[in-house]
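A.B. asks: Its first residue numbered 337, the sequence shown is counted upward by one per residue in the numbering used here. Can you keep this structure in mind? I'll have questions shortly.
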Amino acid sequence: MRLLLNILWIVFGGWVIWLEYVLGGLLLCLTIVGIPFGMQCFKMAGLGLLPFGKDIVDAPGANPIGCILNVFWIVVAGIWIFLSHLGLALGLAVTIIGIPFAIQHVKLAMLALAPFGKLVREK
């Protein structure tokens, strides 16, 4: 079932989300200061391409630097990415068929809000 949902996700726009996160990550990695943020974009790209069957958990041993980076991330980009995923989730939740995809957008929205100190793992 996960395979079918992931294929449908890719066909109906998941590849666009993946491409946006990869391009954003590449642009951020062009500077030394942007490398930590680019790495978080790559984490979100992996989840954005194949979200079904994956879960987001807190990383063990969170550090204060991650908290500071999350605050900076939220102010600069996180809130906008969060709101875009939330808008897509609300639009998809209108139909019964779109509900599983809406749930995945909510999962991506939560990761996009504060990606530092989070891990993406298989269920």
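Glycine included, each C-beta is placed from N, C-alpha and C at the ideal position. Because the structure is a prediction, the values reported are computed rather than measured.
DSSP state of residue 459, grouped into three classes?
C.D. replies: In the sequence shown, counting from the first residue as 1, residue 459 sits at position 123. DSSP places residue 459 in coil when its eight states are reduced to three.
A.B. asks: Here's the rule I'm using: 16 or more other beta-carbon atoms within 10 Å means buried, otherwise exposed. How should residue 377 be labelled?
C.D. replies: As a working mapping, residue 377 is identified with position 41 in the sequence shown. Under this definition residue 377 is a buried residue.
A.B. asks: Roughly how many angstroms lie between the CA atoms of residue 345 and residue 386, to the nearest whole one?
C.D. replies: By 1-based counting over the sequence shown, the position of residue 345 is 9. By 1-based counting over the sequence shown, the position of residue 386 is 50. Answer to the nearest angstrom: the Cα atoms are 8 Å apart.
A.B. asks: Could you spell out the range, first to last residue, of the alpha helix (DSSP H) harbouring residue 442?
C.D. replies: On the sequence shown, position 106 is the one that residue 442 refers to. 435 to 449 is the span of the alpha helix (DSSP H), which, as asked, contains residue 442.
A.B. asks: Determine whether the beta carbon atoms of residue 374 and residue 384 lie at a separation below 8 Å.
C.D. replies: As a working mapping, residue 374 is identified with position 38 in the sequence shown. As a working mapping, residue 384 is identified with position 48 in the sequence shown. Going by C-beta atoms, residue 374 is not nearer than 8 Å to residue 384.
A.B. asks: What are the uninterrupted segments assigned as alpha helix (DSSP H) that are 4 or more residues long and contained completely in the segment 371 to 419, given in chain order?
C.D. replies: Runs found: 371 to 385, 400 to 409.
A.B. asks: Under 8 Å between the Cβ atoms of residue 454 and residue 395?
C.D. replies: Position 118 of the sequence shown, counted from the first residue, corresponds to residue 454. Position 59 of the sequence shown, counted from the first residue, corresponds to residue 395. Yes, Cβ-Cβ distance for residue 454 and residue 395 is below 8 Å.
A.B. asks: Could you check whether the segment 442 to 453 touches the segment 413 to 424, counting it as contact only if at least three pairs of C-beta atoms, one from each stretch, sit closer than 8 Å?
C.D. replies: At 8 Å Cβ cutoff, the stretches touch.
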